[in-house]
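Input: a single structure, listed below in structure tokens.
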Amino acid sequence: MNARRRRVGFRGGWGVWATIIILGAIPLAGFGTPPPSAASAAPGPAVTSSAHPVLGPESSPTAARRIQSTRPVVVASKPFGESYLLAEIFAQLLEARGHAVERRLGLGSTEVAFGALRTGAVDVYPEYTGTGLLAILGQEPSGTRGEVFRRVSREFRERWGVRWLPPLGFENTYAVSVRRETAEELGLATLTDLAREGERLIGGFSPDFLGRDDGLPGLEDAYGLQLRESRSLLQAVKYEALRGGRVDVIDAYSTDGFLARAEVVVLEDDRRFFPPYEAAPLVSRRFFEERPEAVAVLTELANLLDEARMRELNGRVEVEGEPISSVAASALAALGLVPSDHHPADATIGGMDGPVGVLDAAGRPVAVGPSGARAGSLPAYLWDRRDQTLQEIRRHLLLVGISLLAAILVAVPAGLALERVRAGAEGVIRGVGVIQTLPSIALLAFMIPLLGIGVVPAVVALFLYSLFPILRNTYSGVRDADPRAVEAAEALGMTPVQVLREIRLPLAAPVIMAGVRTAAVINVGTATLAAFIGAGGLGDPIVSGLALSDPWMILAGAIPAALLAVVVDVTLGMAERGVAPRGLSGG
């Protein structure tokens with residue numbers, strides 16, 4: 000009987016290790032490297048805008064060799080409609096001139112996007128001079144459009160080597176807005192009027208506006224504005240909240256497509272608080288120095304987009320629901336930068352293949368109405384994008400699988416080691432548990448200065464989130480193993496290492512697997528936030544849908560993520576029951 004116990008325990012000890020490691024690697028099975036987003040081609044001739052000189056560095060043999068690189072230009076955006084659209088315009092123009100492009104659309108905030116640009120993780124994204132002046136440089140909002148552009152150009156170049164290319168030709172300033180009936184009832188025409196009546200009103204503002212000096216805090220100082228309540232709302236849902244009476248005042252943008260069609264009144268900034276917000280391509284040091292021909296391509300857009308045209312383009316995306324790729328292509332054709340019969344290459348969001356916008360499986364635009372309402376049914380829409388969904392699931396499984404396997408390889412041995420030195424074990428485990436209290440998006444943003452954007456920082460963040468449940472369960476399971484079995488093993492003369500390997504670890508296997516199971520399910524959900532730092536996965540359609548007020552696109556990511564979490568939980572639940580040692584389960 001004792002010999003039987005030892006034989007079963009020995010197989011169980013090594014079997015636990017093998018089973019746990021294999022299960023951690025399961026999400027990686029079948030994962031392959033996605034194909035490149037665009038085929039490399041020789042750069043075509045660049046056309047220089049007549050309004051602005053090309054800002055690329057002087058040509059040299061070294062620079063000429065460098066630009067032959069086939070590394071794609073990484074184009075990024077922030078998570079709102081106009082930024083998506085401008086980034087897509089940049090990308091399609093570069094592709095039309097023969098440059099391969101990788102899109103990283105929907106980065107979580109100004110801080111995330113600029114951090115990625117500064118570290119070279121992305122090459123270009125659309126930015127606004129006023130945002131650069133206040134949110135990034137932290138300087139006072141003063142000066143004309145030209146003065147502000149020159150100031151941010153000089154400061155960004157001297158501090159980081161980052162370059163502002165010539166402005167696109169329009170300004171998109173904040174447009175604090177109220178319902179027309181509210182303006183008429185309270186006599187609101189200016190921000191001074193709003194400050195007078197503010198204590199009666201509820202504000203709905205974007206997260207950026209709530210925290211930036213050129214947002215609500217600055218308005219409170221400049222106008223003495225005090226609202227009854229301020230709520231954080233995504234840009235895409237603010238108009239709906241205003242129309243529905245859930246908020247009374249919002250921070251719109253002067254080029255919003257909704258402005259011309261919604262019953263709202265834009266309040267005059269009578270104290271000239273907001274600085275100029277000229278839109279321009281912002282490019283990284285490496286891109287500016289190594290890719291002068293690509294820089295020249297982007298300068299072709301200088302002064303070609305006015306506010307009226309931009310408002311019309313935004314309206315087609317935000318109100319009429321046209322695919323971003325189609326709107327960008329038609330805009331470039333209307334500006335004379337590409338032929339009218341030009342067809343853009345399939346785009347990628349966050350490094351995953353698939354069209355930007357709303358297309359069916361054959362590449363045809365899907366009928367979309369205001370606020371993302373579509374003709375047809377949700378199941379038909381999900382079926383039409385099934386190939387893209389499968390690619391997003393593959394990327395999602397990559398993020399979850401690598402991070403979970405790494406956490407198993409670290410946390411299980413650490414838990415076993417802590418069981419041998421129990422005095423400080425709880426303090427170490429609680430210290431690791433502090434990571435769980437950090438907001439996911441904050442931890443992901445913190446990774447950007449260290450690791451850039453994409454898969455690597457997302458995997459590291461998910462790895463950190465996975466450690467605690469596996470470490471806690473490993474330590475507790477081994478420590479609390481059946482004392483009768485442990486005493487019997489010790490009575491037989493087994494060494495402490497043998498007891499750990501052949502008795503404690505097999506008995507603890509179901510508890511350890513429960514920790515792995517918990518970590519895996521947490522990772523599946525948390526990995527959707529990785530889209531905010533360009534890591535791809537099922538978070539991509541969720542982030543894009545939130546930015547474009549598109550509920551079906553949101554569900555295209557949320558439904559598969561929920562089903563994936565259920566599948567992972569069920570699979571690991573079966574494994575948890577399967578690793579329970581048969582010969583050591585009782586007294």
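When we follow numbering that gives the first Met the number 0, the leftmost residue of the sequence shown carries the number 0, and every step to the right adds one.
Where is the CB? At the ideal position from N, CA and C, for every residue including glycine.
Environment of residue i [buried if 16+ CB atoms lie within 10 Å]
| i | result |
| --- | --- |
| M512 | buried |
| E81 | buried |
| V627 | Here the chain has residues from 0 to 586 only, and residue 627 is not among them. |
| S141 | exposed |
| L389 | exposed |
| W382 | exposed |
| G197 | buried |
| P44 | Low local confidence applies: a pLDDT of 31 at P44 is under 50, so the model's placement there is unreliable, and no value is given. |
| G538 | buried |
| G572 | exposed |
| K77 | buried |
| R419 | exposed |
| P456 | buried |
| T254 | buried |
| T347 | A caution first: T347 carries a pLDDT of 42, below 50, which makes its placement in the model too unreliable to give a value. |
| T130 | buried |
| R385 | exposed |
| L404 | buried |
| T436 | exposed |
| V496 | exposed |
| T143 | exposed |
Residue closest to residue i, alpha-carbon to alpha-carbon, out of the options
| i | options | result |
| --- | --- | --- |
| Y173 | E321, L563, T128 and L200 | T128 |
| P165 | V294, A508 and A441 | V294 |
| V161 | G577, R195 and I135 | I135 |
| M552 | L106, P322 and R149 | P322 |
| G514 | L377, P468, V431 and L200 | P468 |
| I447 | E87, P78, A99 and L116 | L116 |
| S176 | D213, T436 and V246 | V246 |
| V431 | A410, L450, A416 and A188 | A410 |
| V121 | V282, R503, S402 and L215 | V282 |
| W163 | A188, E501 and Y124 | Y124 |
| F113 | V74, E101 and S253 | V74 |
| P275 | E139, L396, R500 and Y238 | E139 |
| P378 | S339, S205, A555 and E292 | A555 |
| P338 | R96, E288 and S475 | R96 |
| R394 | R576, T118 and P559 | P559 |
| L84 | R102, H98 and P71 | R102 |
| E239 | A518, V569, F257 and S229 | F257 |
| L396 | E317, V520 and L312 | V520 |
| F204 | L224, A182, V248 and L190 | V248 |
| V602 | P280, G244 and E277 | For the chain, the structure presents residues 0 to 586; residue 602 sits outside this window and is missing. |
| R308 | A534, L331, A444 and G320 | L331 |
| A422 | E501, A86, L200 and Y474 | Y474 |
Enclosing beta strand (DSSP E) for residue i [first to last residue]
| i | result |
| --- | --- |
| V264 | V263 to V265 |
| R199 | Premise fails: R199 is in no beta strand (DSSP E) and is neither H nor E. |
| I440 | Counting along the chain, I440 falls outside any beta strand (DSSP E), though it belongs to the alpha helix (DSSP H) covering S439 to L450. |
| E587 | In the structure as shown, the chain begins at 0 and stops at 586. Residue 587 is therefore absent and cannot be evaluated. |
| A99 | No beta strand (DSSP E) holds A99; DSSP gives it neither H nor E. |
| R483 | Counting along the chain, R483 falls outside any beta strand (DSSP E), though it belongs to the alpha helix (DSSP H) covering P482 to A490. |
| V246 | First-last for V246: undefined, no H or E at that position. |
| L258 | Looking at the DSSP string, L258 is not in any beta strand (DSSP E), and its letter there is neither H nor E. |
| S231 | E228 to S231 |
| A75 | V72 to A75 |
Terminal residues of the alpha helix (DSSP H) in which residue i lies
| i | result |
| --- | --- |
| E183 | R179 to L185 |
| S152 | R144 to W159 |
| A86 | G80 to A95 |
| S475 | V454 to R478 |
| V510 | L504 to T525 |
| E289 | R284 to E289 |
| Y380 | L377 to D383 |
Cβ-Cβ distance between residue i and residue j below 9 Å
| i | j | result |
| --- | --- | --- |
| R178 | R227 | no |
| V523 | V567 | yes |
| F531 | S108 | yes |
| L506 | A487 | no |
| L233 | A441 | no |
| A333 | E126 | no |
Any non-hydrogen atom of the ligand MG within 8 Å of residue i CB
| i | result |
| --- | --- |
| F467 | The ligand MG is not among the ligands present in this structure, which contains no ligands whatsoever. |
Cβ distance (whole Å) where residue i is taken to contact residue j below 8 Å
| i | j | result |
| --- | --- | --- |
| V147 | L167 | That pair is no contact at about 15 Å. |
| A221 | R270 | 6 Å |
| L300 | L563 | So it is not a contact: roughly 40 Å between Cβ atoms. |
| L266 | L193 | 6 Å |
| V433 | A526 | Contact doesn't hold; Cβ gap of about 21 Å is too wide. |
| A424 | L417 | 4 Å |
| L190 | L218 | 7 Å |
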